Amino acid sequence: MKKILICNQKMYLTKDEAMNLSYGYDEIDFSNVELIVCPNYLNFEYFEDYKLGAQNCFYEDKGSYTGEVSPYDLHLRGIKYAILGHSERRMYDTNEIINLKVKACVRNSIIPIICVGESKIEKELLKTSSVLKKQITTALSGVDLTDDYPVLIAYEPVYKIGSSSPLSKEEIEDTFKYIKKILDDMKIPNYKLLYGGSVKGENVKHILSDEIDGYLVGASCINASELNTIIKCIK
Ligand code: PGA
3 MKKILICNQK
13 MYLTKDEAMN
23 LSYGYDEIDF
33 SNVELIVCPN
43 YLNFEYFEDY
53 KLGAQNCFYE
63 DKGSYTGEVS
73 PYDLHLRGIK
83 YAILGHSERR
93 MYDTNEIINL
103 KVKACVRNSI
113 IPIICVGESK
123 IEKELLKTSS
133 VLKKQITTAL
143 SGVDLTDDYP
153 VLIAYEPVYK
163 IGSSSPLSKE
173 EIEDTFKYIK
183 KILDDMKIPN
193 YKLLYGGSVK
203 GENVKHILSD
213 EIDGYLVGAS
223 CINASELNTI
233 IKCIK
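Counting along the sequence shown from 1, when you hit position 101 you're at 103 in the working numbering, and nothing is skipped either side.
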């Protein structure tokens with residue numbers, strides 16, 4: 003099974019910068035990974051040759067929702083994935099809203115990439131398990147999934163995003179055991195577990211594991227040579 007690599011370009015790039023980055027991507031051999039590129043909405047056009055994901059979407063398909071982006075329209079435009087519940091959006095989206103968004107994605111044949119993870123304070127208060135359980139069970143509550151419809155769960159400890167190093171492999175594997183149990187107890191038929199948070203060319207070799215189905219990469223994906231180093235390590 004190829005590792006999944008999600009490139010979350012966040013709001014890093016202007017039009018010209020995105021266009022330049024797309025030339026850099028064109029030089030990379032992505033054949034050893036399952037690549038999903040998530041540009042901001044305005045930059046989709048520069049990455050049309052890749053499998054595309056949105057960085058967010060709304061939970062209604064159409065209507066008077068100023069400033070929102072429709073999952074139905076994303077689907078019509080060929081967008082196959084959507085990141086939901088990223089920690090940089092959780093101040094706007096509650097667990098319940100994320101659940102509505104997951105349902106909207108599934109209704110529109112978009113595969114949700116659900117981000118979960120505890121903050122530093124929650125970790126210090128030993129609340130990691132309860133936070134993850136609440137985030138995952140609420141996000142997937144009442145969602146009708148089948149064997150052939152995967153859901154991607156990206157474990158991203160908030161304090162590791164944009165930091166100097168990722169979580170250790172052992173800590174990721176331990177947390178994945180717990181996440182798997184939650185998903186298995188919920189009878190989620192098809193899921194993949196990804197890690198995100200400061201994955202870089204220099205450290206990805208330390209967090210390679212059969213237990214990790216893929217990686218969600220932020221800052222490193224807007225630098226083509228850094229991304230290429232990551233790709234070369236993931237086999
Ligand atoms: P980072 O971001 O790779 O820059 O830490 C990851 C993320 O926010 O998803």
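C-beta atoms are modelled at their ideal positions from N, C-alpha and C, and glycine is treated no differently.
Owing to the predicted nature of the structure, the values given are computational and were not obtained by experimental measurement.
Legend entry - Closer than 8 Å: residue 56 CB and nearest the ligand PGA heavy atom: no
Legend entry - Close Cβ partners of residue 13 (< 7 Å) along its chain, the five nearest in sequence each way excluded: 42
Legend entry - Burial state of residue 77, where buried means 16 or more other Cβ atoms lie within 10 Å: buried
Inset, instruction - Could you please go through the chain and list the residues whose beta-carbon is closer than 6 Å to any non-hydrogen atom of the ligand PGA? - result: 10, 158, 163, 164, 198, 199, 200, 201, 218, 219, 220, 221 and 222
Legend entry - Residues near residue 151 by beta carbon distance below 6 Å, same chain, minus five either side: none
Inset, instruction - Would you check if there are 3 or more beta carbon pairs closer than 8 Å linking the stretch 217-227 to the stretch 179-194? - result: no
Inset, instruction - Confirm, please, whether the CB-CB distance from residue 214 to residue 172 is below 9 Å. - result: no
Inset, instruction - In the DSSP assignment, find the alpha helix (DSSP H) that holds residue 26 and state where it starts and stops. - result: 17-28
Legend entry - residue 220 and residue 45 closer than 9 Å at C-beta: no
Inset, instruction - With a threshold of 16 other CB atoms inside 10 Å of the CB of residue 80, please say whether the residue is buried or exposed. - result: exposed
Legend entry - residue 74 beta carbon less than 9 Å from that of residue 113: no
Inset, instruction - Pick helix, strand or coil for residue 103, following the three-state DSSP scheme. - result: helix
Inset, instruction - Compare the beta carbon distance of residue 216 and residue 6 with 9 Å and say whether it is the shorter of the two. - result: yes
Legend entry - For residue 76, the first and last residue of its enclosing alpha helix (DSSP H): 73-78
Inset, instruction - Could you check if residue 68 is buried or exposed, using at least 16 other CB atoms within 10 Å of its CB as the buried criterion? - result: exposed
Legend entry - Separation of residue 65 from residue 158, as counted between CA atoms: 32 Å
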